[in-house]
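For reference, the structure discussed in these notes is given below.
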Amino acid sequence: MLLLHVQTVGSSEGWVTLVLFYLFAALSGVSAWALVLSPNIIRMAVYLMLTLAGVAGIYFLLGAELLAAVQLIVYVGGVLILIIFGVMLTSRNPYLNVAPRGGEMALGLVLATVLAVLLAVAVLAAGLPEAAAAAPDDDRYAVRWIGALLLSRHLIAFEVAAVILLIVMIGAGYLVRRRIKANQAGATEGRS
Amino acid sequence: MLTLATASEFSHYVPLAVLLVMALIFGVANLVLTHVIGPSRKGKVKGTTYESGVNPIGTARRRFNVRFYIVAMTFLLFDVEIVFLYPWASVFSSLAEDSGLTPVFLGRCLFFILTSIIAFAYAWRKGVFRYD
Chain A
1 MLLLHVQTVG
11 SSEGWVTLVL
21 FYLFAALSGV
31 SAWALVLSPN
41 IIRMAVYLML
51 TLAGVAGIYF
61 LLGAELLAAV
71 QLIVYVGGVL
81 ILIIFGVMLT
91 SRNPYLNVAP
101 RGGEMALGLV
111 LATVLAVLLA
121 VAVLAAGLPE
131 AAAAAPDDDR
141 YAVRWIGALL
151 LSRHLIAFEV
161 AAVILLIVMI
171 GAGYLVRRRI
181 KANQAGATEG
191 RS
Chain B
193 MLTLATASEF
203 SHYVPLAVLL
213 VMALIFGVAN
223 LVLTHVIGPS
233 RKGKVKGTTY
243 ESGVNPIGTA
253 RRRFNVRFYI
263 VAMTFLLFDV
273 EIVFLYPWAS
283 VFSSLAEDSG
293 LTPVFLGRCL
303 FFILTSIIAF
313 AYAWRKGVFR
323 YD
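Sequence order for the protein chains is A and B. First residue of the first sequence: 1, per the numbering used here; consecutive thereafter. First residue of the second sequence: 193, per the numbering used here; consecutive thereafter.
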């Protein structure tokens, strides 16, 4: 088991950070565990929401405010809704219970172990900077500096993101139009 | 050994924490109080979804129309769009007025928004938001 030594700077607020860190870490960890163990697919989605929210809390603690906001807005608020909608649309019974077979469980266990080992090795080998160097005491990591860079040096990426969103929207529109046409063709065939 | 960087100030998150706690208390208190002090009469009509409203058709556990998925996808797109506007909004208010950057940044952001308006118009014309 990877042991985390959490050393905090700023003694007056250090214990708040420590308590919040363990709170969010426990929220993420326990929810992820429950997500894997739960047999009910809708409850899995709720546990996934709690896991993602806990990760967002850790982003807040790290001072990555924009990343935390993105995590909450896009993943908790958006992608999760899409997942639940996908379940409700596709499965015959949205509240169906999922019971993995032995082979699937073994494969999942192997993959999870490999990923955990890889992450642990990467974290230990990364040589993380000391807390004082990593702490965003100045506002270099503030959202407005991200905005300033996004709209000046990385302007192309910013506008390309807009164009990609446009393309996705057009793709969705195309799919809908094709289905409307197919439905109309089916209706006329049914009549004749 | 992993050292956790502390963000220097958490005091501006206190209102957010208060809001979260209040929301939690409100939700839990409503559930508990309903169980404790609410009357518990049971019956066939009492058990329906809307006791004095329309009768429900079938069960809620059925498949939904696939159109809702397109709407959810559209929502996600504009969700991502909004995320890009936060950094812009926070830098725009702190631009110096005499730097001449204000119209440039406004124009760049308007171009960004314009693409989503084009996308919205296209989706509207293609009937993404129609339910007939």
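All C-beta atoms, glycine included, are put in the ideal place defined by N, C-alpha and C.
query, result
"Limits of the alpha helix (DSSP H) - the one that Glu104 of chain A falls within", "Gly102 to Ala125"
"Distance between Met88 of chain A and Glu65 of chain A (C-alpha atoms, nearest Å)", "33 Å"
"7 Å CB neighbourhood of Val6 of chain A in its chain, flanking five on each side removed", "Here Val6 of chain A scores only 45 on pLDDT, less than 50, and its place in the model should not be relied on; the value that follows carries that caveat. Answer for Val6 of chain A: Leu18 and Phe21, listed in chain order."
"Inter-residue Cα distance where the pair is Tyr47 of chain A and Gly292 of chain B", "49 Å"
"Distance CB(Val70 of chain A)-CB(Val275 of chain B) smaller than 7 Å", "yes"
"Rounded straight-line distance, which links the Cα of Leu166 of chain A to that of Gly103 of chain A", "42 Å"
"Neighbourhood of Leu212 of chain B by C-beta distance below 7 Å, restricted to the same chain and skipping five residues each side", "none"
"For Asp271 of chain B and Gly77 of chain A, believed in contact at Cβ under 8 Å, the rounded distance", "7 Å"
"CB contact flag (Phe200 of chain A, Leu150 of chain A, <7 Å)", "Chain A is shown only over 1 to 192; residue 200 of chain A falls outside these bounds and no answer can be derived."
"Residues that Glu104 of chain A contacts on chain B, provided the C-beta gap is smaller than 9 Å", "None at all; the shortest Cβ gap to chain B is about 25 Å."
"Below-7 Å beta-carbon distance, Thr251 of chain B vs any chain A residue", "no"
"Beta carbon of Ala162 of chain A nearer than 7 Å to that of Phe304 of chain B", "yes"
"Chain A contacts from the segment 205-225 of chain B (Cβ-Cβ distance under 8 Å)", "Tyr205"
"is_contact[Arg144 of chain A, chain B] using C-beta, thresh 7 Å", "yes"
"Outcome for Ala315 of chain B when other beta-carbon atoms lying within 10 angstroms are tallied against a minimum of 16", "buried"
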